[in-house]
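Report on one structure; see the data block that follows.
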Amino acid sequence: MRLYKKEGNTIHILSFPEEKIEKGDYLLIEDCSAKKDLIVQIVDVQFANIPGILEELLRDSTTNQHLNGENFDPFQLVSHITYIQDSNMLLCKARGTIENEKIIPNISWLPSRTQSKIKKLPTDSLLNLGGISGDLPIFLGDTKDSSQLTINAHALDGKLNIITGKKETGKSHLSKTIILNLINYGAVAIILDLNGEYTKLDFSLDGKRNEYYGKIHVLTPGVNFEVLLSQMSLRVMLNILFHALNIPGTSAREFRQIWRVLEQKGTLTLRELGEAIRNWKCNHHVRDALFSRYYALLNSGFFTDNPSEATIFEKDLCNVENGTALIINLRDTSTIDRQIIVEYVLGKIAELLTTWKMRAVFLFAEEAHLYLRETYWDDIVTRMRHFGIFTTFITNQPDTIRQNIYRQADNIFLFNFTNENDLETVSRAAKVDAETVKLIARDLPPRHCLVLGKVVNDFPIVAKVRSLNIQTMGQTRLFFTNKD
Amino acid sequence: MIEQLHYTTTPKYNFPLSPETLQIPQKFIELSLKTIKTPKQQTLQLPQQTLFNNCSTTKLDDEDQTQFFPNHNHYTIQSIPLNPLNEETTIVAVDVSSIKIGETNQGIICAIRGTIVWKQHKSYKYLRIGPFPLHITEENKREIYRLLRQHSLNLPNEPLHHSNLINMPTKLGNLLECWIRMKISHASQNSIILWDGSLTAGTTSSPIKTISQTLEIARNHLNATLAFSKNTYLRFLTHQLTVSKNLQPPYLLEINDLPTKTGSFSLLGKVYMTRLTRNGCCFRLDIDKELPNELRIEAVEKLLGNDLLFQSYPETLRLAHIFATFTATEVIAMQRFLVKKCGLKILNRPNIHRFLFGSFGYGPEA
């Protein structure tokens, strides 16, 4: 390999056919005279622009059934020609410098074009140099050179993460890997599970219970997840009314008064709430508005007046020593019901965190735009982060996440995207240059993920996500399946 | 005596040759190997615009012919209309290219390659001979030339006049071309043989004896030799002969009363101007003058009936040129071969033109 040119932070390296390199690989440009090595990552592999290549190809293309021939080539120059023709130009991005055996983020120097030696930097060396694995390792998968990519759980703590990629590339699989590892380290995870994919994390592929049995709690609204009105604060209920049920301001004011009266009486039940609305002295339009919201709450099946049926949400979350995951199964729930449930859950988590009943929680939100109101985005990534909610968004529609979220994301786990718009959206993330995202993510095979951000010490690494011995439940149900 | 059935062997003529049957001269290979092993010093790579100029081997000869055809107005011209003859005839074309690969402290490194293309039964077949890289120095140039001349042309030694190193690739290419033409004249039967250039003889690389002998061998094997020249200095009443709007192609313009010998040069062909297609260019065409007139015309008509014509130029000859030409990739590959084989170190020689004249130092726009 030879150093060809540098434009900005893009370095062009000429590579020859016997040098087996791929997109995503790291190279080390050793400059002995400067006593420094530049770390670069290959973001694209192109054909080298060889003079005369067009003529050569045109001439070769003329050999067909009507034209063929022989070459008397005593010096076997053809092998040299093919060698030249197959040479590649590697587009690389400078990532850092090794000086005195330490990685420093300085990429402002230029290695010697003539004196530098270029060699492949194995991923395990990079991981060691970058101190990426740490004391709470999470094994994500294997890199292309069969090194194990192990990230540090500390790098997820207090951070905002995004897992994105097109359908069926392995996003949920990765999030499950991370969740189970967080449980191993005693963390609490809450998963807003849109499709019921996380409900069998405590069962292995053969259907038997695994080591996570007892640590995974699945709450299915209307089945084993119902709440009493008295478990809920007025603020959470008003959030539900405003954001999920769009109650007008006047009606909300009346509702607040009704709630306070019932609360003072100690009769905060659904039945009493219905009676109170019926008997409340107010404009009949307001009453109608209150009734329509009341019936929406009633029909959601999420609220109950029976204390024995009610779920004590904090029971599974507080005082946990060995780690746990609470799966909120949102499958088979309507859009409004979903919003009601999520408003309740987030309100409850915020309440538990502010009262220090819980230390911190890792929240995993799948396709959050389907249940999270607009104003929550900023709330979650800015304000609630300080209370201890560390969110991971999982989506196959990157444009549903707002731009400022990408800019604030600490870690991005990027799977394959082919759509230009999707790539453009993700490339706005501040953790890496747009070209790296676009060029590498476009060609990622299924289950391969480009890891960006603090978990890899800002060295983007491609890894194949490891398989899990759990019932992942993420498969799409098909019509044309083998009936045998 | 009982009458015996007489079986004749299948004639081998006109089957495209394999390298084995062509008996590629080991001398070329030996010489090439011998010379490229000698340089043990640095080579200086040439600026690219100079480096990738392929030399057609006829270039020097064409230049020489300016002296041979003085601008006098005594030619007479006769037009001959042509009708394509579809009688199955093999068309054979020969071309050779030479190129300078680089310079050493002692001389230059060049490469030569020859190509033969056959058109037969609606398909084309080619044989490429080479490339042969050669390291030519002031010390060895006479020796190389003598050995190749002796081998290719089977001629006695003759002093090498006015040959600076820069002309040597073309001269050596001419020798390879002469050898290939000779072999093809031997091996072909009832064919049309196409040369690139003219049938003018008398240069050191194209001795009259060799060219006459080659043409004679071709005639003896019932071949007709035609030479297409892309450039000509022929003029009639100071007008360029390539312009003739009144005639309907395909046609030949027979140029009579040209001097057949001037100084050391001899015209071994009958000279025509020709336009073979309606929208094509006009070329000078030399046809072996020892052939009867009707056979000369028939040869062109057979060419019309058997070969494709691109811009009035025979496809077989065009392919021969294309396959002989060195591409820039091949030049780089040969440089790499020399670096590997001989341990040469390639250096970039500063471009003096660019150095002196800046952006005006490139020469004419390519």
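Protein chains in written order, with my numbering: chain A, 484 to 967; chain B, 19 to 384. Backbone N, C-alpha and C fix where the C-beta goes; we use that ideal spot for every residue, glycine too.
Neighbourhood of residue i by C-beta distance below 6 Å, restricted to the same chain and skipping five residues each side
| i | result |
| --- | --- |
| Leu780(A) | Phe786 |
| Asn208(B) | Leu240 |
| Leu702(A) | Phe708, Ile811 |
| Ile229(B) | Ala219, Leu286 |
| Ser282(B) | Gly220 |
Min CB distance residue i to chain B below 8 Å
| i | result |
| --- | --- |
| Asn571(A) | no |
| Leu560(A) | yes |
| Glu694(A) | no |
| Glu850(A) | no |
| His563(A) | yes |
| Asn532(A) | no |
| Arg680(A) | The sequence shown places Glu at residue 680(A), not Arg. No, because no Cβ of chain B sits closer than 8 Å to the Cβ of Glu680(A). |
| Pro557(A) | yes |
| Gln529(A) | no |
| Arg485(A) | no |
| Lys631(A) | In the sequence as presented, Lys is not what sits at residue 631(A); that position holds Gln. Judged by the 8 Å Cβ criterion, Gln631(A) is not in contact with chain B. |
| Glu539(A) | yes |
| Gln886(A) | no |
| Asn904(A) | no |
Amino acids of chain E, ordered along the chain, whose beta-carbon sits closer than 9 Å to that of residue i
| i | result |
| --- | --- |
| Ser141(B) | Of the chains in the structure shown, none is chain E; the protein chains are A and B. |
Contacts around residue i, its chain only, beta-carbon distance under 8 Å, and the 5 residues preceding and following it disregarded
| i | result |
| --- | --- |
| Phe942(A) | Tyr509, Ile522, Gln524, Arg578, Gly579, Leu609, Gly613, Ile615 |
| Cys128(B) | Ser116, Ile117, Lys118, Ile119, Pro151, Leu152, Ile154, Met186, Pro187, Leu190 |
| Pro704(A) | Ser783, Gly784, Phe785, Ile811, Asn812, Leu813, Thr816, Asp820, Ile824 |
| Val828(A) | Ile673, Leu675, Phe796, Ile811 |
Cβ pair residue i, residue j closer than 8 Å
| i | j | result |
| --- | --- | --- |
| Ile863(A) | Asp676(A) | no |
| Ile872(A) | Val844(A) | yes |
| Tyr290(B) | Leu100(B) | no |
| Ile536(A) | Thr347(B) | yes |
| Glu737(A) | Leu712(A) | no |
| Val671(A) | Gly830(A) | no |
| Lys951(A) | Lys659(A) | According to the sequence provided, residue 951(A) is Leu. The question's Lys does not apply to it. Against a cut-off of 8 Å, the Cβ pair of Lys659(A) and Leu951(A) comes out as a contact. |
| Leu145(B) | Gly552(A) | yes |
| Ser498(A) | Asn571(A) | yes |
| Thr837(A) | Phe870(A) | yes |
| Ala338(B) | Leu244(B) | no |
| Arg293(B) | Ile305(B) | no |
| Ile953(A) | Asn693(A) | yes |
| Leu193(B) | Leu166(B) | yes |
| Arg542(A) | Ile184(B) | no |
| Ile646(A) | Leu663(A) | no |
| Thr334(B) | Val114(B) | no |
Residue-level contact to chain A via CB, residue i, 8 Å cutoff
| i | result |
| --- | --- |
| Leu286(B) | no |
| Thr53(B) | no |
| Tyr144(B) | yes |
| Pro149(B) | yes |
| Phe328(B) | no |
| Ile340(B) | yes |
| Ile98(B) | no |
| Ile119(B) | no |
| Ile235(B) | no |
| Ile273(B) | no |
| Ile47(B) | yes |
| Leu23(B) | With a pLDDT of 47 at Leu23(B), under the threshold of 50, the modelled position of that residue is not reliable, and no figure is offered here. |
Own chain partners of residue i with C-beta closer than 7 Å, once the 5 adjacent residues on each side are dropped
| i | result |
| --- | --- |
| Ile226(B) | Ala219, Gly220, Ser284 |
| Pro790(A) | Leu711 |
In chain order, what residues of the region 930 to 964 of chain A put their CB closer than 7 Å to some CB of chain B?
none
Residues of the region 343 to 377 of chain B in Cβ contact with chain A at a cutoff of 7 Å, in chain order, please.
So the list reads Thr345, Ala346, Thr347, Glu348, Ile350, Ala351, Met352, Arg354, Phe355, given in the order they occur along the chain.
For the pair the region 738 to 745 of chain A and the region 845 to 860 of chain A, tell me if three or more CB-CB distances fall below 8 Å.
In short, these stretches do not touch, since the Cβ pair count stays below three.
Using a Cβ-Cβ cutoff of 7 Å, what residues of the region 580 to 614 of chain A are near chain B? List them in chain order.
none
Mind the definition here: the region 906 to 921 of chain A touches the region 929 to 943 of chain A only if three or more C-beta pairs lie below 8 Å; say whether that holds.
Cβ pair count under 8 Å is three or more, so yes.
Taking 8 Å as the cut-off, does the region 493 to 510 of chain A touch the region 615 to 632 of chain A (at least 3 CB pairs, one atom from each stretch)?
yes
Three or more beta-carbon pairs under 8 Å between the region 293 to 300 of chain B and the region 323 to 336 of chain B, yes or no?
yes
Listed in chain order, which residues of the region 494 to 505 of chain A have Cβ atoms closer than 8 Å to some Cβ of chain B?
none
Decide yes or no for the touch test of the region 102 to 113 of chain B against the region 316 to 323 of chain B: beta carbon pairs closer than 8 Å, at least 3 of them.
yes
With contact counted as at least three CB pairs below 8 Å, one residue from each stretch, are the region 589 to 609 of chain A and the region 903 to 914 of chain A in contact?
no
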